[in-house]
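The sequence shown begins at 3 in the working numbering and counts up by one. Each residue gets a CB set at the ideal place from its N, CA and C atoms; glycine is no exception. Just so it is clear, the structure is predicted and the values come from calculations on it, not from any experiment. Here is the structure we will look at, set down as structure tokens.
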Amino acid sequence: MILEIENITARQILDSRGNPTIEAEVELNNGTIAKASVPSGASTGTFEAVELRDKNNSEFLGKSVYKAVDNINNIIAQNLIGENPANQRDIDNTLIELDGSFNKSTLGANATLAVSLSCARAAAKAYEMPLYRYLGGINSCVLPTPMMNILNGGVHANNKLDFQEFMISPVGAPTFGDALRAGSEIFHTLKNILNKNGYSTTVGDEGGFAPDISNPEEAIEFIILAIESSGYNLNSIKICLDVAASELYEEGECQDGFCSLSKYDLKGLGKKFSSDEMIDYLEKLVKTYPIISIEDGLAEDDELGWKNLNERLGNTCQLVGDDLFVTNVERLRGGIKKKLANSILIKPNQIGTLSETLDTILMAQKNGFSTIISHRSGETEDTFIADLAVGVNAGLIKTGSLSRTDRICKYNRLLKIEEELADNAKYTGIRAFKGVKRLSDENDIPPCCG
Ligand code: PGA
Ligand code: ZN
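Here is the structure:
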């Protein structure tokens, strides 16, 4: 039987922050029904594909997505009915053509992605294949090393921490399951430590703690204490940061021929840094602490800064472009050519279709960049990114802290995939990271399996 899409429908649902988002549902001629929903960011990059919102202040504070839902029900559906759901490229090209804009602003990247992902899931289901296997084929076997965001700041929390995410990565764990156990133990130990020190243990958008501290170094010290108090050492558990520096950036202004310099305004720390001073500060942190990855250490518009940062730290630390690349193959191509970074964050909703996401991943992998499949701060119960991470052997995943089901469901899905792959599952630990291999303190990290 040749598979055909019989119907596509969409509805508005709520994400983990209680804001509207889209769920699409695809029905095939053999009775298969599959759904996918899309996440939503808070510290969005300027160059991301457009998330279409109604901007009608009388509903959901302007955040409803009824127009994007209509676009699926009334425009996209009629153009894809009769298409084979396995023709992902054709489906995505149709979505791109129907939209017609350079940034999915006509139909909305939220509309296109919901359809794109639900078609893939429907095809996998119809072929009775696990989604990761359908996406990646017979060689999909790498369980991603998680980068777990256990302490939140920036726009994800209402404390004074300038940096958005303080993550732990269990790089020395033998399996994904062991990595998850380490993460959970350290998370709960951190809770006790923060409690004892009189700090709040309420959590931010991604399920990490958001204590009222203002100095990144203090946050890192608490995490180190939690790692060591849990019985782990700093060779097996490393620290990763997402500075989300575009949020801190103040571009210089020119008036009457005089131009002020662009600055990074770290209000919590009480400092304003030039690009070079910001690099000095990041270098100091990398030299002082077991930090192996820095995401968006500089702003999306500070290209020269990124080049300098990569020259200075690219051989000792993974430097991840999130707002810088926005999962966009052309932006990544430019970044590779200009040597701006050594790693890319992959967020399917930054670009709006599965095929374009896969193109960006492939380009990154071919050019020696590490790839981190990522959630958004506003998530749903959809676990697509877990399968995507294994499917493309991405090596790394960022899907939040060790609390809140919108984060945990991705980890739980990975546990099940690891169980299913059994002896064929590979957890590559530290080897998944770029730029850190020259560190000398890796000796007691156990070799990965396989
Ligand atoms: P966002 O944050 O989903 O709010 O954009 C995640 C990130 O910056 O990595
Ligand atoms: Zn980021």
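Top-ranked residue by Cα proximity to residue i, from the options
i       : options                            : result
Leu-404 : Met-150, Glu-6, Ile-4, Glu-85      : Met-150
Ile-363 : Gly-393, Glu-302, Lys-265          : Gly-393
Ala-343 : Asn-317, Thr-355, Ala-38, Leu-287  : Asn-317
Thr-329 : Trp-308, Gly-336, Thr-359          : Thr-359
Ala-212 : Leu-196, Ile-226, Glu-223          : Leu-196
Asn-105 : Gly-431, Asn-351, Lys-127          : Asn-351
Ser-18  : Asn-426, Ile-24, Gly-380           : Gly-380
Ser-372 : Gly-185, Leu-300, Lys-436, Gln-166 : Lys-436
Asn-32  : Leu-315, Ala-79, Ala-124, Ser-42   : Ala-124
Ser-295 : Thr-48, Cys-242, Asp-180           : Cys-242
Glu-422 : Phe-178, Pro-41, Lys-65, Thr-407   : Phe-178
Gly-84  : Leu-133, Glu-8, Glu-332, Gln-320   : Glu-8
Lys-428 : Ala-128, Ile-98, Val-144, Ser-276  : Val-144
Ala-36  : Glu-252, Glu-313, Glu-25, Tyr-251  : Glu-25
Pro-41  : Asn-426, Asp-384, Ile-419, Asp-389 : Asp-384
Lys-162 : Tyr-134, Asn-395, Leu-250          : Leu-250
Ile-15  : Asn-194, Asp-324, Asn-112          : Asn-112
Thr-23  : Leu-30, Ile-10, Thr-34, Gly-43     : Gly-43
Thr-34  : Phe-49, Met-3, Ala-181             : Met-3
Arg-13  : Phe-386, Thr-48, Val-331, Ile-74   : Ile-74
Gly-110 : Tyr-129, Arg-333, Ala-51, Ile-226  : Ala-51
Asp-361 : Leu-390, Asn-235, Asp-304, Ala-128 : Leu-390
Leu-30  : Gly-185, Arg-333, Ala-126, Ala-228 : Ala-126
Phe-386 : Gly-20, Ala-38, Ala-366            : Ala-38
Leu-100 : Ser-345, Ser-238, Gln-90, Ile-78   : Ile-78
Ser-66  : Phe-49, Arg-91, Glu-130, Asn-21    : Asn-21
Gln-166 : Tyr-201, Pro-132, Glu-208, Gly-174 : Glu-208
Ser-345 : Arg-378, Arg-335, Gly-370          : Gly-370
Thr-48  : Ser-232, Ala-366, Arg-333          : Arg-333
Buried or exposed by the 16-neighbour rule on C-beta atoms within 10 Å, applied to residue i
i       : result
Ile-152 : buried
Cys-256 : exposed
Thr-114 : buried
Ser-248 : buried
Thr-293 : It is Ile, not Thr, that sits at residue 293 in the sequence shown. Per the 10 Å Cβ criterion, buried.
Met-169 : buried
Leu-306 : exposed
Lys-463 : Not covered by the structure: residue 463. The range shown for the chain is 3 to 452.
Gln-80  : exposed
Asn-199 : exposed
Thr-355 : buried
Asp-278 : exposed
Ser-142 : buried
Asp-298 : buried
Lys-368 : exposed
Thr-46  : buried
Arg-183 : exposed
Lys-349 : buried
Lys-340 : exposed
Gly-452 : Residue placement at Gly-452 cannot be trusted, given a pLDDT of 37 that sits under 50; what the coordinates show is reported in the next sentence. By the 10 Å Cβ count, Gly-452 comes out exposed.
Ala-181 : buried
Ala-388 : buried
Asn-58  : exposed
Ile-10  : buried
Arg-91  : exposed
Glu-302 : buried
Ala-424 : exposed
Whole-Å CB distance - residue i paired with residue j, under 8 angstroms assumed
i       : j       : result
Leu-5   : Ala-116 : Contact flag wrong, Cβ pair sits at about 20 angstroms.
Val-245 : Ser-120 : No, Val-245 and Ser-120 are not in contact; Cβ-Cβ is about 34 angstroms, not under 8 angstroms.
Ile-399 : Pro-148 : 5 angstroms
Leu-54  : Ala-70  : 4 angstroms
Ser-60  : Ile-93  : Not quite, the Cβ-Cβ distance comes to about 35 angstroms (not below 8 angstroms), so this is no contact.
Cys-2   : Val-438 : Any answer about residue 2 is impossible in this case: the structure gives the chain only from 3 up to 452.
Thr-430 : Gly-397 : 6 angstroms
Gly-291 : Ile-222 : The sequence shown places Tyr at residue 291, not Gly. Correct: roughly 5 angstroms between the Cβ atoms.
Gly-102 : Thr-96  : Actually they are not in contact, since the Cβ atoms of Gly-102 and Thr-96 sit about 11 angstroms apart, beyond 8 angstroms.
Val-205 : Arg-433 : Contact doesn't hold; Cβ gap of about 31 angstroms is too wide.
Leu-326 : Gly-337 : 7 angstroms
Beta-bridge partners of residue i, as assigned by DSSP
i       : result
Asn-151 : Met-169
Asn-31  : None; Asn-31 has no bridge partner.
Asp-267 : Lys-274
Ala-26  : Ala-12, Ala-38
Glu-358 : Beta-bridge pairing links Glu-358 to no other residue.
Ser-372 : Ser-345
Asp-408 : Answer is none; Asp-408 lacks a bridge partner.
Val-144 : Lys-428
Asp-244 : Glu-167, Glu-297
Closer than 8 angstroms: residue i CB and nearest the ligand FMN heavy atom
i       : result
Ile-363 : No copy of the ligand FMN appears in this structure; the ligands present are the ligand PGA and the ligand ZN.
Below 8 angstroms, how does it come out for the stretch 152-171 and the stretch 407-415: are there three or more Cβ pairs, yes or no?
Flag = no, the stretch 152-171 and the stretch 407-415 do not touch.
May I ask you to verify whether the stretch 181-201 touches the stretch 265-284, counting CB pairs closer than 8 angstroms and requiring at least 3?
In the pairwise beta carbon analysis, the stretch 181-201 is classified as not touching the stretch 265-284: fewer than three pairs are separated by under 8 angstroms.
Is the stretch 215-226 in contact with the stretch 259-277, if contact means three or more CB pairs nearer than 8 angstroms?
Contact annotation: the stretch 215-226 touches the stretch 259-277, with at least three C-beta pairs closer than 8 angstroms.
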